[in-house]
Amino acid sequence: MFFLKKAQPEQALVRQGAGGTKVSLNQLQVYPIVHQYAVIDLSLKTLTLSLKGADAVLCKDYIKADFKIAVFLKVSPDHQDIATVAQVFDVNQLNDKEYLGHYFLPQVESAIRTVTSAFEYVQLYEEREAFTRHVLEEIGDDLSGFRLENIAIDYLEQTSQDFYNEDDFLEQTGKGKINRLRLENHLMTAKLKVTEIEETARIEQEANRVRFELEHATKKIELEHRLEIAHLTAEQELIQDMTSGKSSKSDTDLDQKIKAIRLRAQQERERLEQLLKKKEAQDNKSKDN
Numbered sequence: 001m002f003f004l005k006k007a008q009p010e011q012a013l014v015r016q017g018a019g020g021t022k023v024s025l026n027q028l029q030v031y032p033i034v035h036q037y038a039v040i041d042l043s044l045k046t047l048t049l050s051l052k053g054a055d056a057v058l059c060k061d062y063i064k065a066d067f068k069i070a071v072f073l074k075v076s077p078d079h080q081d082i083a084t085v086a087q088v089f090d091v092n093q094l095n096d097k098e099y100l101g102h103y104f105l106p107q108v109e110s111a112i113r114t115v116t117s118a119f120e121y122v123q124l125y126e127e128r129e130a131f132t133r134h135v136l137e138e139i140g141d142d143l144s145g146f147r148l149e150n151i152a153i154d155y156l157e158q159t160s161q162d163f164y165n166e167d168d169f170l171e172q173t174g175k176g177k178i179n180r181l182r183l184e185n186h187l188m189t190a191k192l193k194v195t196e197i198e199e200t201a202r203i204e205q206e207a208n209r210v211r212f213e214l215e216h217a218t219k220k221i222e223l224e225h226r227l228e229i230a231h232l233t234a235e236q237e238l239i240q241d242m243t244s245g246k247s248s249k250s251d252t253d254l255d256q257k258i259k260a261i262r263l264r265a266q267q268e269r270e271r272l273e274q275l276l277k278k279k280e281a282q283d284n285k286s287k288d289n
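Right, dumping it as structure tokens:
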């Protein structure tokens, strides 16, 4: 009598014993006593590797980096790989992250340290995809039946200087570079602030100039308008005198009247021009202040 074992989605069945090792992604016949069978979980597993503080990683420029890495792996669906997993691992602990981490994370850590030593700290940010690709290549495919799907950098920061070894020349070199970079950053920030202040002052000065020109133009238009009104008023008075009974006066009187009107208009023009010049002088003095 035998038992028919069926695999669920993302599962594989492995039978060992009489007849050798048999792998199936569908179903298997299992005979009691002569066969042992196991269920292999094929779903994606996520492991976490933390390399911070005292465990931080040294970069090419001797700056230390704190990492938190997510590692994604699963059992390969290849029958030979499934059989290898059944032989190498305790299949009952394949869902235990601590168990899998004990086996795989040292290999991942070694790859990260090797690749990081070829990257300067800033490059870890600027060339993150290249860094990840090199780590995957360094780990390789020899994972005892497992397949590494990907890794992801969840956290990447400079290590606190408290974790730099005072007796390690290389680490002290990196520490010195960090201090220089910070000083350069502070100087750049200060320079940008000065530039911003200068630009703000320039904009304000330009705004004041435009405001002054607009006010000056407005005052000039107002004064010219008043002059035009005075000229029109004088002409209207002359026309009224000519159309009234006063037009019977002699030509000499009329000429004198015209001259008087023109003189008054000229005086008004000169007075308004003096006011305009005085206003311009006051505005220029205010602008200089």
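For what it's worth, the working numbering labels the leading residue of the sequence shown as 1, then goes sequentially. Heads up, the beta-carbon is just placed ideally off N, CA and C, and yes, glycines get one too. The model shown is predicted, which means the values in this text are computed figures rather than measured ones.
**Asked** residue 304 bridges to which residues according to DSSP?
**Response** The requested residue 304 is not part of the displayed model; the chain covers only 1 to 289.
**Item:** Nearest-angstrom Cα separation, counted from residue 38 out to residue 11
**Value:** Indexing the sequence shown from 1 puts residue 11 at position 11. Indexing the sequence shown from 1 puts residue 38 at position 38. Cα-Cα distance, rounded: 10 Å.
**Asked** With burial defined as no fewer than 16 other Cβ atoms inside 10 Å of the residue's Cβ, what is the status of residue 248: buried or exposed?
**Response** Looking up residue 248 in the sequence shown gives position 248. Model confidence at residue 248 stands at a pLDDT of 48, short of 50, so the residue's coordinates are unreliable and nothing is read from them.
**Message:** Which residue marks the beginning of the alpha helix (DSSP H) containing residue 94, and which one marks its end?
**Reply:** As a working note, residue 94 is residue 94 in the sequence shown. It is not in any alpha helix (DSSP H) - residue 94 carries neither H nor E in the DSSP assignment.
**Request:** Sort 267, 92, 152, 121 by Cα distance to residue 129 and report the nearest one.
**Result:** Taking the first residue of the sequence shown as position 1, residue 129 is located at position 129. Selected option, being the one with the closest Cα: 152.
**Item:** Reduced DSSP secondary structure (H/G/I, E/B, other) of residue 136
**Value:** Here residue 136 refers to the residue found at position 136 of the sequence shown. Looking at residue 136 - three-state DSSP - the assignment turns out to be helix.
**Prompt:** Nearest to residue 78 by CA position, among 59, 47, 146, 56, is which residue?
**Reply:** Along the sequence shown, read from residue 1 onward, the residue named residue 78 stands at position 78. Ranking 59, 47, 146, 56 by Cα distance to residue 78 puts 146 first.
**Request:** Figure out for me which residue from 26, 14, 20, 34 has the closest Cα to the Cα of residue 8.
**Result:** Stepping through the sequence shown from its first residue, residue 8 is reached at position 8. With distances taken between Cα atoms, residue 8 lies closest to 26.
**Asked** Does DSSP put residue 247 in a helix, in a strand, or in coil?
**Response** As a first step, residue 247 is located in the sequence shown; it is residue number 247 there, counting from the start. Bear in mind that the predicted position of residue 247 carries a pLDDT of just 49, short of 50, making it unreliable; the figure below should be weighed with that in mind. Here residue 247 sits in helix by DSSP.
**Asked** Which one of 126, 73, 160 has the shortest CA to CA distance from residue 100?
**Response** Reading the sequence shown from its first residue, position 100 is the one you call residue 100. Comparing Cα-Cα distances from residue 100 to each of 126, 73, 160, the minimum goes to 73.
**Uninterrupted beta strand (DSSP E) stretches inside the segment 76-124 (no shorter than 3 residues)** = Counting only runs of 3 or more, we get nothing.
**Prompt:** If you drop the 5 nearest sequence neighbours on each side, which residues of the same chain put their C-beta closer than 8 Å to that of residue 163?
**Reply:** The residue labelled residue 163 in the question sits at position 163 within the sequence shown. These residues qualify, in order along the chain: 53, 54, 56, 64.
**Message:** Could you tell me which whole alpha helix (DSSP H) segments of length 4 or greater appear in the segment 205-232?
**Reply:** none
**Prompt:** Buried or exposed: residue 82, going by 16 or more other Cβ atoms within 10 Å of its Cβ?
**Reply:** Taking the first residue of the sequence shown as 1, we reach residue 82 at position 82. By the neighbour-count rule (16 or more Cβ atoms within 10 Å), residue 82 is buried.
**Asked** Any chance the segment 84-93 sits against the segment 153-162, with 3 or more Cβ pairs inside 8 Å?
**Response** no
**Prompt:** CB-CB under 7 Å to residue 42, same chain, minus the five flanking residues each way: which ones, in chain order?
**Reply:** Numbered from 1 along the sequence shown, position 42 holds the residue referred to as residue 42. The answer, listed in chain order, is 10, 11, 12, 74, 75, 77.
**Prompt:** Quick one, which of 191, 47, 232, 190 has its alpha-carbon nearest residue 96's?
**Reply:** Reading the sequence shown from its first residue, position 96 is the one you call residue 96. When each option's Cα is compared against that of residue 96, the closest is 47.
**Request:** Measure how close the beta-carbons of residue 61 and residue 121 come, nearest whole angstrom, since I'm counting them as under 8 Å.
**Result:** The sequence position of residue 61 within the sequence shown is 61, counting from 1. The sequence position of residue 121 within the sequence shown is 121, counting from 1. Right, their Cβ atoms sit about 6 Å apart.
**Opposing strand residues paired with residue 6 [DSSP bridges]** = Against the sequence shown, residue 6 aligns to sequence position 6. For residue 6, which the question treats as bridged, DSSP gives the partners 27.
**C-alpha gap between residue 80 and residue 34, whole angstroms** = As a first step, residue 80 must be located in the sequence shown, where it is residue number 80. As a first step, residue 34 must be located in the sequence shown, where it is residue number 34. For residue 80 and residue 34, the distance between alpha carbons rounds to 22 Å.
**Asked** Helix, strand or coil: how does DSSP classify residue 185 here?
**Response** On the sequence shown, position 185 is the one that residue 185 refers to. Helix at residue 185.
**Asked** Run through DSSP, which three-state label would residue 52 get?
**Response** For this step, residue 52 is matched to residue 52 along the sequence shown. Residue 52 falls in the coil class under three-state DSSP.
**Request:** Go ahead and label residue 94 buried or exposed: buried means 16 or more other beta carbons lie within 10 angstroms of its beta carbon, across all protein chains shown.
**Result:** Taking the first residue of the sequence shown as position 1, residue 94 is located at position 94. Per the 10 Å Cβ criterion, buried.
**Prompt:** Do residue 48 and the ligand ZN come close, with the Cβ less than 7 Å from some heavy atom?
**Reply:** No copy of the ligand ZN occurs in the structure displayed, which carries no ligand at all.
**residue 111 and residue 149 closer than 8 Å at C-beta** = The residue given as residue 111 occupies position 111 in the sequence shown. The residue given as residue 149 occupies position 149 in the sequence shown. Not a contact, by the Cβ cut-off of 8 Å.
**Request:** Have a look at residue 14 and residue 44 and give me their C-alpha separation to the nearest angstrom.
**Result:** One-based indexing of the sequence shown puts residue 14 at position 14. One-based indexing of the sequence shown puts residue 44 at position 44. Those two C-alpha atoms are separated by around 19 Å.
**Neighbourhood of residue 123 by C-beta distance below 7 Å, restricted to the same chain and skipping five residues each side** = Within the sequence shown, numbered from 1, the residue matching residue 123 stands at position 123. None.
**Asked** Apart from the five residues just before and just after residue 49, which ones in its own chain have a Cβ nearer than 7 Å to its Cβ?
**Response** Position 49 of the sequence shown, counting from 1, holds the residue named residue 49. 69, 71, 105, 108, 109, listed in sequence order.
**Prompt:** What are the start and end residues of the beta strand (DSSP E) that includes residue 151?
**Reply:** By 1-based counting over the sequence shown, the position of residue 151 is 151. 146-158 is the span of the beta strand (DSSP E), which, as asked, contains residue 151.
**Message:** Within a Cβ cutoff of 7 Å, which residues of the same chain sit near residue 4, ignoring the five residues on either side of it in sequence?
**Reply:** As a working note, residue 4 is residue 4 in the sequence shown. Here the set comprises 27, 29.
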